[in-house]
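Everything below concerns the one structure shown next.
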Amino acid sequence: MDKAKWWQDAAVYQIYPRSFFDSNGDGIGDLKGITAKLDYIKSLGIDIIWSCPFFVSPWADGGYDVADYRSIAPEFGTMEDFDEMIAGIHARGMRFMMDFVGNHTSDEHAWFQEALKSKDSPYHSYYTFRPGRDGKEPSNWASIFGGSAWEYVPELDEYYLHLFAKKQPDLNWEDPAVVQEVFDILNFWADKGVDGYRLDAINYLYKEPDFPDVEPMPGSPYGFATEHYANKPKVHEHFRTLHDKVMAPRGLTTVAEVAYLDEETARGYADPARGELDALYPFDLLNVDQEGYDKFSPLPLDLPSLKRALSHWQSVMHDHGWLALFIGNHDQPRALSRFGDEEHYPVRSAKLLANAMYFLQGTPYIYQGDEIGMTNPHYASLSQFKDVEALNALREGLDRGDSEERWLKLLNDRSRDGGRAPFSWSADEYAGFSTTKPWMDPCTNYKDINAAIEEDDPDSVLNFYRRLLKVRKGLPAVIYGSTEFLEMDDPELMVYIRRAEGQELISINNFSGSERSYRLPAGYETAELLISNCGDPIIKDGVIDLRPWEAVTLIVNC
Ligand code: GLC
Ligand code: CA
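In this text, residue positions in the sequence shown follow the working numbering: the first is 89, and each later residue adds one.
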């Protein structure tokens, strides 16, 4: 890669619109709310805004259950509000990426409603219906959100497949009419000025049609059948078609969310020579502080595992694709609460996480609120949680006899709701997010952690993010450099070097509340400071004395 594509030196801001900013005092974030905050977003140094879905939806899964792909949900505003938002984004020299939920629709989508009417409906084959087996589900596949992946429809005496919630029936991409519908939707929004797509759960498009039974999970009749539906070869074909027919001719950029990725598949999706996708975020990258795929079985962060995972993806994708770099998103608890020390070093550790992640190779994705060091909301009651995954897991936990106290902590620490509380704009009532009680309660600490108090404080997390995005821009070592992790087994230090022709940098991060000293590798004696989170670093005779949670990036032009 000698010349960067525009999105390779860009920074992305991810918005969860329902919780971003409420412009009309109904307690729900909306599109006008996004438009009102565009100057704020621009001031961070952002090039691309990606918003999670804001389409008509019964909101069974945070809007990822779309009932009408071409209509803005009334609580988010109107098509005029959308036009105004996108014009505002473009007027500020930014671009807009839309979330496209292509693996499934809502069960309230007109296609599914038609499909339910009769086996002869042309819409019936838009979805996957199967007869039962021995009076039970067609297979023992588990839904990602708990329970069976099949739901019975008495009127048809058939089951339909839903890898996610039962209100999210999976689309059947083997029906060419479905693919045509997808093209039409993608073109519809491209006509309205969208610059790219974030493709949701898109590596599940193809399911093995015989639905073999799988090994059940302990204590459950159901098992995860990912080997039969994740990243099947047919998915590559679908990506190539999308690329050739829609994305490339219209100059749209793509990033896909992909779980259960191996090296070959990742390169297959993202190698520019193959014409499939522009970039990926390996979704399971952050599964480093839990048992297997069970986020509600937390483990303390094992830094060496995190480094191995990051290092692996850096080398897999170097020259073979492009990565989205992220420390959080709407499907994760807050990064600061999880990987930092929000109690003793909230500001420093929030900055460290940015320094540790965003000098890697890839495009920084900044999830709303991480740039001001927002934490998990620390709710006092189970009734404050909203997310379908959290509520299903809670029900299963309580059914097993777990205590409510245990689940209050688990949901506070681990649920997706952790990242979905309203943005803390100010110390005003309701965190300045709304003038009325919001759909979800604000973080308990919004009076101390909010954008307004950070705005003019040069040492705030917010101003660190601004500096970081500014200094990283255009650096050859950041855009093109290879990545080498050092001190791989050290449980507290994350250190890596980025090397390009004529330029190198080193990012040094002390993930601990203790002081640590670290001998700089040869050649860094004369390095210049690019950014740090504790003022001037203490460097003597080639040794840097790191304070708790200190993060430093040094650069050498050679
Ligand atoms: C993706 C989304 C998540 C959603 C799921 C099903 O993982 O990021 O929020 O629940 O897909 O659409
Ligand atoms: Ca509103």
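Glycine included, each C-beta is placed from N, C-alpha and C at the ideal position.
#### Entry: Neighbourhood of Arg604 by C-beta distance below 7 angstroms, restricted to the same chain and skipping five residues each side
A distance below 7 angstroms between beta-carbons, with the five flanking residues on each side excluded, links Arg604 to the following residues of its chain, in chain order: Glu580, Leu581, Asn598, Leu634.
### Task
Return the bridge partner residues of Gly311 from the DSSP annotation.
In the DSSP output, where bridge partners are listed per residue, Gly311 has Trp229.
### Task
Assign Met89 to buried or exposed, taking buried as 16 or more other Cβ atoms, counted over all protein chains shown, within 10 Å of its Cβ.
In this predicted model, Met89 has a pLDDT of only 41, less than 50, meaning its place in the structure is not dependable; the value taken from the coordinates is given anyway. With fewer than 16 other beta carbons inside 10 angstroms of its own, Met89 counts as exposed.
#### Entry: Rounded separation between Leu368 and Gly507 - CA only
Straight-line Cα distance between these residues: approximately 21 angstroms.
### Task
Pair every Cβ in the segment 315 to 328 with every Cβ in the segment 354 to 363, then say whether three or more of these pairs are closer than 8 angstroms.
Pairwise C-beta distances place the segment 315 to 328 in contact with the segment 354 to 363, as three or more of them are shorter than 8 angstroms.
### Task
Identify, in the order they occur along the chain, each residue of the same chain with its Cβ nearer than 6 angstroms to the Cβ of Glu196, setting aside the five sequence neighbours on each side.
Here the set comprises Pro146, Ala155.
### Assigned secondary structure, Arg607 (DSSP; H/G/I helix, E/B strand, else coil)
Three-state result, Arg607: strand.
### Query
Which residue from Met186, Asp419, Gln402 puts its Cα closest to that of Thr341?
Considering only alpha carbons, the answer is Met186.
### Task
Count the CB pairs spanning the segment 396 to 410 and the segment 427 to 437 that are closer than 8 angstroms, and state whether there are at least three.
The segment 396 to 410, when compared against the segment 427 to 437, does not touch it at the 8 angstroms Cβ threshold.
### Message
Tell me the DSSP secondary structure of Ser600 in three-state form.
### Response
Ser600: coil per DSSP, three-state reduction.
### Task
Run through the segment 419 to 452 for me and flag every whole alpha helix (DSSP H) of 4 or more residues, listed as ranges in chain order.
With a minimum length of 4 residues, the continuous alpha helix (DSSP H) runs that stay inside the segment 419 to 452 are 423 to 427, 434 to 446.
### Rounded straight-line distance, which links the Cα of Trp513 to that of Ser548
Answer to the nearest angstrom: the Cα atoms are 14 angstroms apart.
### Query
For the candidate residues Val189, Pro309, Ala313, Glu262, whose alpha-carbon lies nearest to that of Tyr294?
Among Val189, Pro309, Ala313, Glu262, the Cα nearest to that of Tyr294 is on Glu262.
### Task
Could you tell me whether the segment 449 to 464 touches the segment 530 to 547, where touching means 3 or more Cβ pairs closer than 8 angstroms?
With the cut-off at 8 angstroms, the segment 449 to 464 and the segment 530 to 547 touch.
### Message
Going by DSSP in three states, Ser236 sits in which element: helix, strand or coil?
### Response
Residue state, collapsed to three classes: strand.
### Message
Spatial neighbours of Val282 within its chain, please: C-beta separation below 6 angstroms, excluding the five flanking residues on both sides.
### Response
Contacts found: Phe184, Met186.
### Task
Write down the C-beta distance between Leu655 and Gly190 rounded to the nearest angstrom, noting that I regard them as a contact closer than 8 angstroms.
This structure cannot speak to residue 655, because the chain is shown only from 89 to 646.
### Message
To test your reading of the DSSP string, which unbroken alpha helix (DSSP H) runs of 4 or more residues are found completely within the segment 255 to 312?
### Response
Correct list: 264 to 279.
### Message
Based on DSSP bridge pairs, tell me the residues matched to Asp652.
### Response
There is simply no residue 652 to check, as the chain begins at 89 and stops at 646 in what is shown.
### Query
Residues bridged to Pro386 by DSSP?
Answer by DSSP bridge pairing, in chain order: Gln378.
### Contacting residues, own chain, Cβ-Cβ under 6 angstroms from Met335 (five flanking each side not counted)
Listed in chain order, the non-local C-beta contacts of Met335 below 6 angstroms within the same chain comprise Thr342, local neighbours out to five positions each way being set aside.
### Query
If you draw a straight line from the alpha carbon of Arg422 to that of Asn464, how long is it in whole angstroms?
As the crow flies, the alpha-carbon of Arg422 is around 5 angstroms from that of Asn464.
#### Entry: Run of the beta strand (DSSP E) containing Phe200, from where it starts to where it stops
Counting along the chain, Phe200 sits inside no beta strand (DSSP E); it lies in the alpha helix (DSSP H) bounded by residues 198 to 205.
### Task
Assign Glu580 to one of three DSSP states: helix, strand, or coil.
Residue state, collapsed to three classes: coil.
### Task
Report the three-state DSSP secondary structure of Lys333 (helix, strand or coil).
Here Lys333 sits in helix by DSSP.
### Task
Could you tell me if His192 is buried or exposed, where buried requires 16 or more neighbouring beta carbons within 10 angstroms of its beta carbon?
His192 is buried by the Cβ-count criterion.
#### Entry: Ile232 beta carbon near ligand 2 (any heavy atom closer than 6 angstroms)
Incorrect: Ile232 has no Cβ contact closer than 6 angstroms to ligand 2.
### Query
Does the distance from the C-beta atom of Thr123 to that of Glu172 stay below 7 angstroms?
Going by C-beta atoms, Thr123 is nearer than 7 angstroms to Glu172.
### Query
So does Tyr152 have its beta carbon nearer than 6 angstroms to some heavy atom of ligand 1?
Answer for Tyr152: yes, Cβ within range of ligand 1.
### Task
Throw me the rounded Cβ distance for the Leu126 and Phe164 pair, which I believe falls under 8 angstroms.
With 8 angstroms as the limit, Leu126 and Phe164 do not qualify as a contact, their Cβ atoms being about 16 angstroms apart.
### Task
For my contact list, Ser194 and Asp135 are in at a C-beta cut-off of 8 angstroms; report their separation, rounded to the angstrom.
Not quite, the Cβ-Cβ distance comes to about 32 angstroms (not below 8 angstroms), so this is no contact.
### Message
I want to see whether chain D comes within less than 7 angstroms of Val644, judged by CB atoms only; does it?
### Response
No chain D is part of this structure, which consists of one protein chain only.
### Task
Verify the contact flag: Phe188, CB atom, against every heavy atom of ligand 1, threshold strictly below 6 angstroms.
Judged by the Cβ position, Phe188 fails to qualify as a neighbour of ligand 1 at the 6 angstroms threshold, every heavy atom of the ligand being at least this far.
#### Entry: Cut-off 6 angstroms between Cβ atoms - residues of its own chain near Phe299, not counting five sequence neighbours on either side
Same-chain partners within the cutoff: Pro226, Ser227.
### Query
By how many angstroms is the C-alpha of Val100 removed from the C-alpha of Leu349?
For Leu349 and Val100, the distance between alpha carbons rounds to 23 angstroms.
### Query
Going by C-alpha distance, which of His212, Pro386, Pro564 is nearest Leu593?
With distances taken between CA atoms, Leu593 lies nearest to Pro564 out of His212, Pro386, Pro564.
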